[in-house]
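Enquirer: I am attaching a structure below and will ask some questions about it afterwards.
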Amino acid sequence: MDFNIQEHARIYITDDFWISINDTLISTWIVGGILIIFAIIARIKIRKFKAVPETRFQNIIEALVEAFENMTTGVMTKKYAYFGSWFFGLLMFLMFSNISGIFGMRPPTADFATTFPLAFTTVILMQFMGIRHNMKKGEYIKEFFRPVPIFMPLNLVSDFSKSISLSLRLFGNMVGGLIVMGLIYGLFPFFATIGIPGALSIYFDIAVGALHAYIFVLLSMYFIMSKAPASDQI
């Protein structure tokens, strides 16, 4: 059984530079397309929302937004709630990507080339937080030289290594589930895959996928808050 990422075509920019059309890219396009369609539908529906919900769709949307808003303010406080828009979009992308395996797709998050850029974005936002809210007081720079200046290289590595730990955690769990389910499905004939393999697929693709999307976003929030002024940290 082949668990490698399959390349289906190449788009050549020059003779030495090309874009690989592989399983990860195709899955990412599909997930992105679904999210865009859902966003358009939600936008159209939102214009018809009433002060008192009259439809199930409005109840679901309002409950989802309220739950995520509570999560964001609970971790980052209301002062930094402006990060909520980014993290909501990230959570939706990760959840849809993680559960895409149940539809026979290769989850984009089972590719380190997807998880690392997303995790590195968290590190960039950490520095943004530090520069925006600590630079005037000089705390942003001083933080790298604590407790003594000799620790500066270690503090820099510590900051940027978070992108490695975040990305590997998500990537490892998703590719691990992909391999386990591939091996399990390989043990059963096609007509028997609805039973035990199907139940395990629900666990690995939906339960574990949703859990690790939540963990990724939650840890990202905590990492960013670590750069907030000490008086704002919780």
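Position 215 (the sequence shown) corresponds to 221 in my numbering; numbering is contiguous. Cβ coordinates follow ideal geometry from the N, Cα and C atoms, glycine included. Computed from a predicted model, the values in this text were never measured in an experiment.
(1) With DSSP as the reference, label residue 60 as helix, strand or coil.
(2) Excluding the 5 residues flanking residue 116 on each side, which residues of the same chain have their C-beta closer than 6 Å to its C-beta?
(3) Locate the alpha helix (DSSP H) running through residue 170, then write down its first and last residues.
(4) If we ignore side chains and look at the alpha-carbon of each, how far apart do residue 99 and residue 92 end up?
(5) Under the DSSP definition of a beta bridge, which residues are partnered with residue 24?
(6) To the nearest angstrom, report how far apart residue 78 and residue 193 are at their CA atoms.
(7) Confirm, please, whether the CB-CB distance from residue 34 to residue 121 is below 9 Å.
(8) In terms of alpha-carbon separation, which member of 230, 223, 213 lies closest to residue 105?
(9) So, at 6 Å on beta carbons, what are the nonlocal neighbours of residue 215 in its own chain, with the 5 sequence-adjacent residues on each side left out?
(10) How about residue 218 and residue 176: do their beta carbons lie closer than 9 Å?
(11) Given that a residue counts as buried once 16 or more other Cβ atoms are within 10 Å of its Cβ, and exposed if not, what is residue 95?
(12) Comparing alpha-carbon positions, which option in 12, 26, 132 lies nearest residue 112?
(13) Give me the Cα-Cα distance between residue 67 and residue 16, rounded to the nearest whole angstrom.
(14) Roughly how many angstroms separate the alpha carbons of residue 164 and residue 97, rounded to a whole number?
(15) Return the CA-CA distance between residue 82 and residue 124, expressed in angstroms with no decimal places.
(16) Counting C-beta neighbours from all protein chains within 10 Å, is the total for residue 230 16 or more, i.e. buried, or is it exposed?
(17) Can you give the Cα-Cα distance for residue 108 and residue 187, rounded to whole angstroms?
(18) Measuring alpha carbon to alpha carbon, tell me which of 210, 170, 25, 235 ends up nearest residue 225.
Expert: Quick answer:
(1) coil
(2) 180, 181, 184
(3) 158 to 193
(4) 11 Å
(5) 18
(6) 43 Å
(7) no
(8) 213
(9) 104, 105
(10) yes
(11) exposed
(12) 12
(13) 40 Å
(14) 25 Å
(15) 19 Å
(16) buried
(17) 10 Å
(18) 170
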